[in-house]
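Order-wise, the sequence lines are chains A and B. Sequential numbering from 1319 applies to the first sequence in our numbering. Sequential numbering from 3 applies to the second sequence in our numbering. Glycine included, every Cβ here is placed at the ideal spot set by N, Cα and C. To start, the structure itself, in structure tokens.
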Amino acid sequence: MNATAEALFVAEPFQAAGDVVIDCTVNKIFYGDFLAVRDSVVPIEKKKITGFIGPSGCGKSTVLRSLNRMNDLISVFRFEGNVIYHGQDIYAKKVDPVVVRRYIGMVFQQPNPFSMSIFDNVAFGLRLNRFKGDIEERVERALQRAALWKEVKDKLKNSGLSLSGGQQQRLCIARAIATEPDVLLMDEPCSALDPIATRQVEELMLELKENYTLAMVTHNMQQATRVADTTAFFSVDISQGGRTGYLVEMGPTRQIFEDPREQLTKEYISGEFS
Amino acid sequence: MRTMNPTSTIDLTARPEEIRPRPNLDRQTLEPRALKSGFLTGLTWLAAVLAAVPLFSVIYMLLIQGGSRLFGSDVVEVLTGLPPAGFEMGGGIGPAILGTLVMVGIASAISIPLGILASIYLGVLEPKSRLASTSRFLAKVLTGFPSILAGVFVYAVLVIRFGYSAMAGGVALAVLMLPTVVLAAEEAMAQVPQRMKDAAYGMGCTQTQVILKVVLPTALPGILTGVMLAIAGAAGESAPLLFTALFSNYYISELAEPTASLSILIYNFSGMPFENQIELAWTASLALVLIVLMFNILARIVGRSKV
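Laid out in structure tokens, this is it:
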């Protein structure tokens, strides 16, 4: 992109091949007066993994956290645009963000189990939703799906904080999927993990894709190529004075990494800047 | 990004082994630096011992003077009997023990719920608001508040109108407990990591659910530690009770009457010219120290047990 260009660059819209679960159109996202992200259209396809990549400060996490209104917890946050989920704009006035988050779950960058037993961690969401069925069975299933059952089945009463970092992150994934959310958002889920734990979480994501829709922010381009079906590349524009992030290009992961349309994408994936 | 190995340009073979002097790594005990360090270490050690001397000498004194009655054969009479009058022999400190427990109970019932609710506002809801910083500052001032003023305050507000009572004594102790509870609970809640709260919000918790299901349980050991310390402090107070609960020689029968307490009993009996009463004052002191110690130990145990 050219700094002297008159009109701001806007990415060509990505036409998703399959069903779109969340159709996110960002016009502007502000933190106070600071314009953090502008003009980005990011459709999230059903039962696929959508990866968000880009340099630091490009707004990829901000966009991801806008998809279940996590950013509402920041008082100065302001979202202009719409996020259509099953035909409803989750930013509509009548929508309760608390309910949105029960359908669109989240896994965070730092493993964040609660200071309670492993069992209670996974059962937390079920109890929260007043789940009437067999809690033990659901907890076991969630832990099995998160590939953690074998390691913890004999110590379910132990504190979730007693596990290793990788186990904690898988516990958090188990906790998030126990309530069977529709969509799972993952904000750099592997950045605090070692390579072995990262691999386990990646394999887990590929399995979860069978039942869930996933969207993931990653700082690691190899990770995007390994797990993402669709990749959205964001960049940050410092030429206008601020540090405003925007979508540069979105498409099938293979196309983004092998035959990008935009020069900026090409430079980023070849490692010319980060 | 391409990086260059910065050490690759330094040729480590340039200096031959012989011209490097062998470093002397032996301990130099008589070097001024070492002497100064040893002297200062000794000084801190001495200060630590001196700081513990008053505590141990008080406990020693109490055990010698009060232990014979408290751990003697007439322990039941001492713990349950009424205080003796004049030249009467025997007797006990029963009403004072019960009175102290009742008034500390009243103070806890007032200050703990109020303090925890306040600390939720200060530590979780609006930690940076002007109201929060003002009331946090005032709570800190109140921790250094002369306890007799709490008694005078309650005297002016309650006692003048309703007379001396266990209720007034409990309120005075609550005034003293409140800041300790608020500050300890706020600190404990502020230390609950943001990412745990984020996780709860991410699961679809309302703010109330985040506080009840995540923040309070996680902060519970810290909150209980503060509560126990506040209770221990209140149990030993005497000045505020002088103006509010006064004293009584009989067991408490209702909350609206003057009530005995261990600290006032100690004050009254220690000044009497009778051997028996003076002995009972020592016994009551030991009983009070043991009660306070019990709460302190309980606070330690509860504070340590983290899930």
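Original post:
Looking at the C-beta of Q30(B), does it have a partner C-beta in chain A at a distance below 8 Å?
Top reply: no
Original post:
Among residues of its own chain, excluding the 5 on either side of V1519(A), which ones have a beta-carbon nearer than 8 Å to its beta-carbon?
Top reply: G1484, Q1487, R1488, I1491, P1507, C1508, L1511
Original post:
Residues of chain B with CB under 8 Å from V1545(A), in chain order?
Top reply: Per Cβ cutoff of 8 Å: no residues; V1545(A) is ~21 Å from chain B at best.
Original post:
By DSSP, does Y1273(A) sit in helix, in strand, or in coil?
Top reply: Because chain A here runs from 1319 to 1592, residue 1273(A) falls outside it and cannot be looked at.
**OP:** Note down, in chain order, all residues in the segment 1373 to 1398 of chain A with a beta-carbon under 7 Å from any beta-carbon belonging to chain B.
**Re:** M1388, L1391
Subject >> Cβ-based contacts, 8 Å cut-off: residues of the segment 202 to 221 of chain B near chain A >> reply: A202, Y203, G204, M205, G206, C207, T208, Q211, K215, V216, P219, T220
Original post:
Nearest-angstrom Cα distance between R1419(A) and V1501(A)?
Top reply: 10 Å
**OP:** Evaluate A1334(A) with the Cβ neighbour count: other Cβ atoms within 10 Å of its Cβ, from every protein chain shown; 16 or more gives buried, anything less gives exposed.
**Re:** buried
Original post:
Cβ of A237(B) within 8 Å of Cβ of V184(B)?
Top reply: no
**OP:** For P1570(A), write down the residues that DSSP places opposite it in a beta bridge.
**Re:** T1548(A)
Original post:
So, I266(B) versus S287(B), is the Cβ gap smaller than 8 Å?
Top reply: no
**OP:** Please determine, among P242(B), L133(B), L231(B), T46(B), the residue with the shortest C-alpha to C-alpha distance to L160(B).
**Re:** P242(B)
Original post:
If we count the other Cβ atoms within 10 Å of its Cβ and call it buried at 16 or more, is A50(B) buried or exposed?
Top reply: exposed
**OP:** Please say whether T1562(A) and L1353(A) have beta carbons closer to each other than 8 Å?
**Re:** yes
Subject >> Per-residue DSSP class, three states only, for S1435(A) >> reply: strand
**OP:** Could you please give me the residues that DSSP links to A1533(A) through a beta bridge?
**Re:** T1368(A), L1503(A)
Subject >> Residues bridged to G1563(A) (per DSSP) >> reply: V1355(A), V1554(A)
**OP:** Going by CA-CA distance only, name the one from K1527(A), V1554(A), A1464(A) that's closest to T1548(A).
**Re:** K1527(A)
Original post:
Could you give the residue range of the beta strand (DSSP E) that holds Y1349(A)?
Top reply: 1338 to 1349
**OP:** Anything in chain B within Cβ reach of L1446(A), meaning under 8 Å, just list it in chain order.
**Re:** M205, G206, C207, Q211, K215
Original post:
Which value, in whole angstroms, describes the spacing of the CA atoms of G44(B) and L32(B)?
Top reply: 16 Å
Subject >> Three-state secondary structure (DSSP) of V1394(A) >> reply: coil
**OP:** Could you give the DSSP three-state label for I268(B): helix, strand or coil?
**Re:** helix
Original post:
With respect to the beta strand (DSSP E) encompassing V1425(A), which residues constitute its N-terminal and C-terminal limits?
Top reply: 1422 to 1425
Subject >> Alpha-carbon spacing of M274(B) relative to A247(B), whole angstroms >> reply: 21 Å
Subject >> Which of helix, strand or coil DSSP assigns to I254(B) >> reply: coil
**OP:** Taking a Cβ distance cut-off of 7 Å, strictly less, list which residues of the segment 1511 to 1522 of chain A are near chain B, in chain order.
**Re:** none
Original post:
Could you give the C-beta distance for Y203(B) and L1391(A), rounded to a whole number, given that I count them as a contact under 8 Å?
Top reply: 6 Å
Original post:
Are any of the Cβ atoms in chain B nearer than 8 Å to that of R1463(A)?
Top reply: no
**OP:** Using the Cα positions of S110(B) and S121(B), report the straight-line distance between them to the nearest angstrom.
**Re:** 15 Å
**OP:** Compare the Cα-Cα distances from Q1406(A) to each of V1566(A), Q1428(A), K1365(A), V1339(A) and report the closest residue.
**Re:** V1339(A)
Original post:
Within 8 Å (strictly less), CB to CB, does R197(B) reach chain A?
Top reply: yes
**OP:** Select from I99(B), P34(B), E79(B), I118(B) the residue whose C-alpha is nearest the C-alpha of L214(B).
**Re:** I118(B)
**OP:** Under 7 Å between beta-carbons, which chain A residues line up against D200(B)? List them in chain order, please.
**Re:** F1426, N1430
Original post:
DSSP state of Y123(B), grouped into three classes?
Top reply: helix
**OP:** For E256(B), count neighbouring C-beta atoms within 10 Å of its own C-beta (all shown protein chains included) and say buried if the count is 16 or more, exposed if not.
**Re:** exposed
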